[in-house]
Every structure is written in C-alpha cells, then in structure tokens.
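S.K.: Protein chains in written order, with our numbering: chain A, 891 to 1284; chain B, 891 to 1284. In this text, a Cβ means the ideal position worked out from N, Cα and C, and glycines have one as well. All of these numbers come straight from a predicted model, not from anything done at the bench. Quick one: this structure, given as structure tokens, is what I'll be asking you about.
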DNA sequence: CATCTTAGTTCAGAGGCGAAAACAAGCACC
DNA sequence: GGTGCTTGTTTTCGCCTCTGAACTAAGATG
C-alpha cells in the first residue's frame, strides 16, 4: 500500500521531460511533430521542452525529412556524446569494465582475470577503479563526462548506499563493494546483481525489447532470473527477488551447492548437467556441454524437461508476455533444443498463461552483464536527466 | 518499459486528492494538521482540498482533540455512508453477496447454494443480480448510493470489459460473466479471481496490512497466491499471475486434477492431503482434515514439508516482506503447525530472503473473498473519488 | 509570385502549489 | 478580564506548468 506521493507543479515538468526524453531515445531520430503524437503532450510543450534540451546539449538535431507539401520536419535525437556510462561485470573468472556512450555503443573495454578461487574484495575494487581509468583514457573521455558507474555482481545486493553483497559461491558475505569503490571515485555508483543487469540489457536492447511483463533467465554456472513487471525489474523487499536457481523442482532431490536439495540449479546448472552426464570436465565447460549435446544421451532430454518445469513454474506464477533465455548455457541449449524446451514448458504449465507467453533466446551474448550495468546509469539519466544521485541501485 | 505518462497540472490535483483521501482513510480520524505531515502536502493545499471534500460530503468532521495550549484540532474522516460497495463471492458451493459501507462494515448479506456439479453461468448471474437487490433492500440503500459491484470468481479472469472467465474445475471456459451481469445492472463492475480478492482483503484489512511486498496464499480445495509488489497486486500480461498451485515441486510426481504431475496442489490441496492419508471422505472435509492432523500420521509432517517447499520457492523468487497463509485449510494447518511450516520454509530457501520474510496466518476467515471483492470498488474510489468507471477489473 | 500545406513558436489564460501573512481558538498568567 | 503565547486553519500572493489559438517559418505548386 506504499503508493507514490506526488506533489507540486514542478514534478510535472520533470516527469514530462523524462517522458519526452524516453520517447526521443527509443524512437531514434524524431521530429517535434512526431513527439507530440507519441507523448501526448501539446505541441507548445514539446517546443519549449526541446528548446531547453537543445540548449543543454542533451538533444541535437539530426537532419530533416521533407513532408509532402509543407515545411520539412527537423529530426531530433539524444546526443550520444552528452555523457558516458561505465558498465562493470564482476564474474567468477574476470572483471570486465566497459565504457559506453549514451547509445550504448561500447567505446572501450578492459578485462582483468581473477584467479578462480581468490576473490579479495579489495583487489576486485582496485581492478574496477583501475579499469575505469583505463577505459576513460583509451576513449579520450574525461571523468566529468561520465554520468555514473554501474556494476553487476554475483549474489544478492542489499539495498542501500553501501552496495553490500552476499555471494556464497563467491566467498563474499557482507562485502560493501559500493563503499570500497566510493573511496576511489566520486562518480554515481549503481551496484546490482549480474543476472538483473543482464536482464535489463536484454529487456532494453535485446530480445525482450518492448515487453512490459517479462522474465529473463540466466543459465550459466549459476541459474537466475530477472522478473519484469510492468516495465520495472522486480526486486522484492531486500532486492533478492528472482533467485530462481534455488527454487525446488524435486522436493528432496539432488543436493545443490547452496546446501539445499532439489534446486533447479542442481539439475540444469552447467556443473549439474555435466555431472548427470558423467562427464569429468577437461576444463572447458563449453566444449564439454557441446559434447554432451551431441551425444544424444538421455541426459539431454532430461535437461530439457527440467528446464521446462522451471520455466513452466515461471509461466504459472508470473504470467509473462515473454521469456528470454540467456546466459551461455542457455544459448547453447536453446540453439538446438528450443522447440523441445517450449514443448516441455507447455506440458508443465496451464494453458492460458502458456498461450500468452513466447519463449525466445537472448541475443546479446556475454557482454550483456556489463552492458546492463551501464544501462542502470542510462535509466537514471532518462528518468531525471540532470540530477544524478550517488547511491547504490536499490 | 511501458511507463506512465503524466501530463497536465490537473492530474496533480487528482493525484494529491487521492493521496489525501488514502491518508484519511487509513489513518482514521485525523486533523488537517496531521494530514499535512502525512501527505507532505502544504497546509494550504490540505485546507482547500478538505474543504472541497467536506462540501462533497465525502469527508465529515469527527470531533475535536485539544492540543496543549493552542487551538484544538478538528478531526476529519471519510464518510462511511458516502457510498456503498457490493462484494460477491462465487465459490464451488455457493454464491454470497454482501453489502459494505466505505469502512467495509458488512451491512447485509445473502447466500445462494449451488448444487455442487452444476454451475450454469446464467444461474450464477441471476443469483448475483437477485442478491444485489436483496442486500440493498435489506439495508435500505438505494442503487444510486452504490459505487460498484466487485465479484470474486474461481479461475482466470481475462482482462477486458467482458470479465471473461476460464475455470476448468468449475466447468467454465470463456464465460463472459461481466457481460452477463451488465445486462442486469448499470453499476460499475469489477470481476477478479477469488484468490486475488481474498489477498486484497488480507492485504488491506488483515494480516498483510502495511506490507508493500507480500504474498497471500490461499489453501483450500484449490491452491493459489496473490503476489503483491510495491503495493500493487501483480497480474501479469493476461491476469493469471499467481497460479502457485500448479507450479511443480516434484517433477514427474503425483498426478494433479489439472492434468499435470507434481503440482503443489497435488500434495497440499485438501483432496490430496486426504488422499495421501488414505482417508475416504465422509463429506465433511474440515472434520476429515482435523482427524488427519490429530492422527500424528507421517502425512502431516510430509504436508508441512511440501508446503514449506512451496513457500520457500515464493521466498526465493519473490522476496516478500510477509507471507500470509489464508484459506480454511491454511488456517487449520497453521493453527497447530505454523512453527514447523516456518522451519520447513527456512530449510528450503536462501538465508537472506528468508530472514526478510515473516510468515503469518490470515485472520479474516471465510468472508474474505467477498470483502476483498468489495475492496476492488473501494480501491477505485480511493484512486479517483468521483469518476467511477464501468469496466471489469483487469 | 500568390496560395496552400505542414512544422514549429509565441502568447495569454487557467489551474495548481507553497510560503507567509492573517485569522481563529484555546491556555496561562497577571 | 486583559495580554501575550501557542497551535491549528484559512487566505493571499507569487510562481510554475500546461494548453489552445494565433502567429511565423519554410517548402511545394501552378
């Protein structure tokens, strides 16, 4: 029952400005005339507001297009160089830092390898801060031009300014990554779970584009999901919503590395798939998985069934318009098995919600986590295109 | 990415009016002074707005309270007789119609029994329409005073004006109940799933009060859930979100009446519990269940475990602040077994989200479905306290 | 070059909010 | 009882935002 409370007449301007900017951003080059139609605002308002935005250099002109018989339309677009966003992917084996312009074109990136078992928080923080400096100088961008730094990490991120992280598999329990980073930078920081940032990327720029109720699942070493309700990522009361990988699909079943039994991840996480297939990994999981898939072992069919059960539970519970399967395992499975995955999902879900859902593969590849992290910055920019706050994403 | 688009200066007034009215409604008798603090609005705005509301008779004075040394505060409250709401519960065995004032005090009610297997939509519609007439005349309320009719039904309700219902267990597939009712009344109609209306009732007036991220589960013949995110009931793209009963907790497990296997309902639905305990029902399920619970059969412990698994999946996926267990089976189980249910849930969920959740019993009893249905009308009234629309709830 | 068409800008007016001044209604103390 | 103090409520006034309508801009057409 916590409802938003709006107030003054000034909020209208801010809100409408955000509406206009979003329309401009997602419709590409657009004339003022189109914008009145798209936003529902009057021509007068669009005129004054675009004048403001042009004056602030947030928006720039982008050519003209003649209209039959009358004055040609002037096209406008968001200035992709008005500002930049840093996106960071903290994963089990590496830290990747990317610099993106406002169109989310990657301008520079840098990777730091992590020794698989050692994840000293200080070291990770140093890598990130160093990475930011590197990508800025590589791209010739000054820190003042950067609107913020988004960071995608494994595990659960507490809401709050310190960006406190709990990631059992990572060996982090209560690491205040946000606070560590703030010692080295004054830029706005947004820390969020990596599955969520990936989901955000697929939702805004990938296969989920345009959906307002969607689930983006991440299949990799871990298994997670981003649940999007009415255009907003669903976080729950302590930002840990979407822990799909540890929902139980076989009560009392296979043991999971989380300590529980029968978790979805204990069936379709990469380690579980290889284990069920009796493969002792040679070190390259992608290759191992490819071999299992080629083997026509019954394990493949079982995996599809388990995944279908997991997806069906999401269909029943969330009733999404779209399910996007991402993560490298997800894409590798999906490429050959998508029809079977759809069948298995249909077999385990109710007819009405299943009929409303389309199941598709993600299309952003492994950089989606960093891109999505940068998107946190973009989102803030589009919502309040001048007042950037220095907080962790909650 | 579907964001609300706001526009003119007039929307502010409407929005602030709703904020004020909500504050007034949920804080009981309150002075204008308190309202400025509660709503964040200026004293000036509160003053003019309350003057309007008093003039329209939506708000009335409710005594005074002296303040140490100064002018006494005049208390205001929503006029409980400004309007009335009808709430209807369409269940497997009966149709219940209740008339509520704005404080949700029941002023009259009437029941119609349904022969268990026969659910002619026309008959149900006739019962509802007749029931409305009966409760109005019993309470001496004229139709003009009624703000709307809320109806809670089993199954999935399509979004849209016709209130089309799909309820397999009820024998309804595509029944346009809303359209049937509109032939007999011109009052605003809100049709929604009964588990959701019950959830709404517990959220607003029962154990869920004050929570903004919550799940209200309904355990009865069927098993369902209402997921509340940020104060709003989560419906999904085709309004069927929350079909928790048919999520799978044992892939390939017990057959369920939905046609699937391993559904939660196939373990903790009342028929499943009795079946697993080997009880052939004597007709009174409540008594049967009481006997099973008293028997200390291992089935009891198993039931707790399965319920815990189902709840744990909600904890992991939704990360709610509160889980309310409702429905008659839920309450009967919970009364003696709540600590065990909590333990089973903890054992099957991740530590962080579990720590953020409290699991409690519902406290509204069997009338919650009708009350919640009436609450749909109340909600509309609080959001737009003069313009009532004639549509089905989507 | 006059006219038509479409795009974009300017202006006046209405409605809304908040700060502060004004007003109201008690209490305390002389 | 009068005077000042305290607190609650209303009124006044200035500022902000939006919109409709009039107006300007810029091209096409014949």
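If we count the other Cβ atoms within 10 Å of its Cβ and call it buried at 16 or more, is residue 947 of chain B buried or exposed?
M.R.: Residue 947 of chain B comes out exposed.
S.K.: State the start and end residues of the unbroken alpha helix (DSSP H) segment that holds residue 849 of chain A.
M.R.: What is shown of chain A runs 891 to 1284, which leaves residue 849 of chain A out entirely.
S.K.: Within the same chain, show all residues whose beta-carbon is closer than 6 Å to that of residue 1109 of chain B, passing over the 5 residues directly before and after it, in chain order.
M.R.: Closer than 6 Å at Cβ, skipping near neighbours: 1217, 1219, 1220.
S.K.: Use the C-beta contact count for residue 986 of chain B: other C-beta atoms within 10 angstroms, 16 or more gives buried, fewer gives exposed.
M.R.: Counting Cβ neighbours within 10 Å, residue 986 of chain B comes out buried, since at least 16 surround it.
S.K.: Using a Cβ-Cβ cutoff of less than 8 Å, which residues in the same chain neighbour residue 1058 of chain B once the five nearest sequence positions on both sides are dropped?
M.R.: For residue 1058 of chain B, where only same-chain residues beyond five positions count, the Cβ hits under 8 Å are 1045, 1148.
S.K.: When you compare the CB positions of residue 1155 of chain B and residue 1113 of chain B, do they come within less than 8 Å of one another, or not?
M.R.: Closer than 8 Å, so yes.
S.K.: Between which two residues does the beta strand (DSSP E) containing residue 967 of chain A stretch?
M.R.: Its beta strand (DSSP E) spans residues 963-968.
S.K.: Taking the straight line between their C-alpha atoms, what separation do you get for residue 1283 of chain A and residue 1055 of chain A?
M.R.: In this prediction, residue 1283 of chain A has a pLDDT of 33, which is less than 50 and means its spatial position is unreliable; what the coordinates show is noted afterwards. The alpha-carbon atoms of residue 1283 of chain A and residue 1055 of chain A are separated by roughly 12 Å.
S.K.: Just to make sure I have the definition right: I need the residues of chain A whose C-beta is within less than 7 Å of the C-beta of residue 1046 of chain B. Which are they?
M.R.: By Cβ distance, chain A contributes 1242.
S.K.: Quick check on this structure: which residue in B/898, B/902, B/911 has the alpha carbon closest to the alpha carbon of residue 1273 of chain B?
M.R.: Answer by Cα proximity: B/911.
S.K.: Should residue 1175 of chain A and residue 1158 of chain A be called a contact, given that it needs their Cβ atoms to be closer than 8 Å?
M.R.: No, these two residues do not count as a Cβ contact at 8 Å.
S.K.: Considering only C-alpha positions, which residue in the set B/1153, B/1101, B/991, B/1164 is nearest to residue 1210 of chain B?
M.R.: Looking at the Cα atoms, B/1101 is the closest of the given residues.
S.K.: Using a cut-off of 8 Å between C-beta atoms, extract the partners of residue 1056 of chain B located in chain A.
M.R.: Neighbours of residue 1056 of chain B on chain A, chain order: 1242.
S.K.: Suppose you measure from the CA of residue 1140 of chain A to the CA of residue 1242 of chain A; what does that come to, to the nearest Å?
M.R.: Going by the C-alpha atoms only, they are around 24 Å apart.
S.K.: Could you give the C-beta distance for residue 1213 of chain B and residue 1105 of chain B, rounded to a whole number, given that I count them as a contact under 8 Å?
M.R.: Yes, residue 1213 of chain B and residue 1105 of chain B are in contact; Cβ-Cβ is about 5 Å, under 8 Å.
S.K.: Which one or two residues does DSSP pair with residue 996 of chain A in a beta bridge?
M.R.: For residue 996 of chain A, which the question treats as bridged, DSSP gives the partners A/990.
S.K.: Determine the DSSP secondary structure at residue 942 of chain B, reduced to helix, strand or coil.
M.R.: Helix, per DSSP.
S.K.: Going straight from the alpha carbon of residue 1072 of chain B to that of residue 1200 of chain B, what length do you get?
M.R.: Approximately 39 Å between the Cα atoms of the pair.
S.K.: With DSSP as the reference, please indicate the residues paired to residue 1088 of chain B in a beta bridge.
M.R.: Bridge partners of residue 1088 of chain B: none, in fact.
S.K.: Taking 8 Å as the cut-off, decide whether the C-beta atoms of residue 1134 of chain B and residue 1227 of chain B are in contact.
M.R.: Cβ distance not < 8 Å, so residue 1134 of chain B and residue 1227 of chain B don't count as in contact.
S.K.: Output yes if chain B places a C-beta closer than 8 Å to the C-beta of residue 1010 of chain A; else output no.
M.R.: Not an interface residue.
S.K.: Say whether the region 1086-1101 of chain B touches the region 1260-1273 of chain B, bearing in mind that this needs 3 or more beta-carbon pairs closer than 8 Å, one atom from each stretch.
M.R.: Judged by Cβ distances under 8 Å, the region 1086-1101 of chain B makes contact with the region 1260-1273 of chain B, as three or more pairs qualify.
S.K.: Could you give the distance in angstroms between the alpha-carbon of residue 1097 of chain B and the alpha-carbon of residue 1115 of chain B?
M.R.: Computed Cα separation, rounded: 15 Å.
S.K.: Taking 8 Å as the CB-CB limit, is residue 1206 of chain A close to chain B?
M.R.: It does: the Cβ of residue 1206 of chain A has a partner Cβ on chain B nearer than 8 Å.
S.K.: Give the residues from the region 1123-1140 of chain A that approach chain B closer than 9 Å (Cβ to any Cβ), ordered along the chain.
M.R.: Those would be 1124, 1125, 1126, 1127, 1128, 1129, 1130, 1131, 1132, 1133, 1134, 1135, 1136, 1137, 1138, 1139, 1140, in chain order.
S.K.: Relative to the alpha-carbon of residue 1235 of chain A, which residue among B/1150, B/1253, B/1232, B/1224 has its alpha-carbon at the smallest distance?
M.R.: Checked all of B/1150, B/1253, B/1232, B/1224; the closest Cα to residue 1235 of chain A is B/1150.
S.K.: So what does DSSP say about residue 1004 of chain B, is it helix, strand or coil?
M.R.: Three-state DSSP puts residue 1004 of chain B in coil, outside helix and strand.
S.K.: Any beta-carbon of chain B closer than 8 Å to the one on residue 1155 of chain A?
M.R.: No, residue 1155 of chain A lies away from the interface with chain B (no Cβ there is under 8 Å from its Cβ).
S.K.: Could you pull the DSSP bridge partners for residue 951 of chain A from this structure?
M.R.: In the DSSP output, where bridge partners are listed per residue, residue 951 of chain A has A/966.
S.K.: Quick one: is residue 927 of chain B buried, meaning 16 or more other Cβ sit within 10 Å of its Cβ, or exposed?
M.R.: When all chains shown are included, residue 927 of chain B counts as exposed.
S.K.: Under a Cβ-count criterion, where at least 16 other Cβ atoms within 10 Å of its own Cβ denotes burial, should residue 1138 of chain A be classed as buried or exposed?
M.R.: Residue 1138 of chain A is buried by the Cβ-count criterion.
S.K.: Quick check: residue 930 of chain B and residue 903 of chain A, are their CB atoms within less than 8 Å of each other?
M.R.: No, the pair does not count as a contact, with Cβ atoms beyond the cut-off.
S.K.: Using only alpha-carbon positions, find the residue among A/1027, A/1095, A/1016, A/1026 that is nearest to residue 1068 of chain A.
M.R.: That would be A/1016, whose Cα lies nearest to the Cα of residue 1068 of chain A.
S.K.: How would you call residue 957 of chain B, buried or exposed, if buried means at least 16 neighbouring beta carbons within 10 angstroms?
M.R.: Its Cβ having fewer than 16 others within 10 Å, residue 957 of chain B is exposed.
S.K.: Is there a C-beta anywhere in chain B that falls below 8 Å from the one on residue 1038 of chain A?
M.R.: Closer than 8 Å: no.
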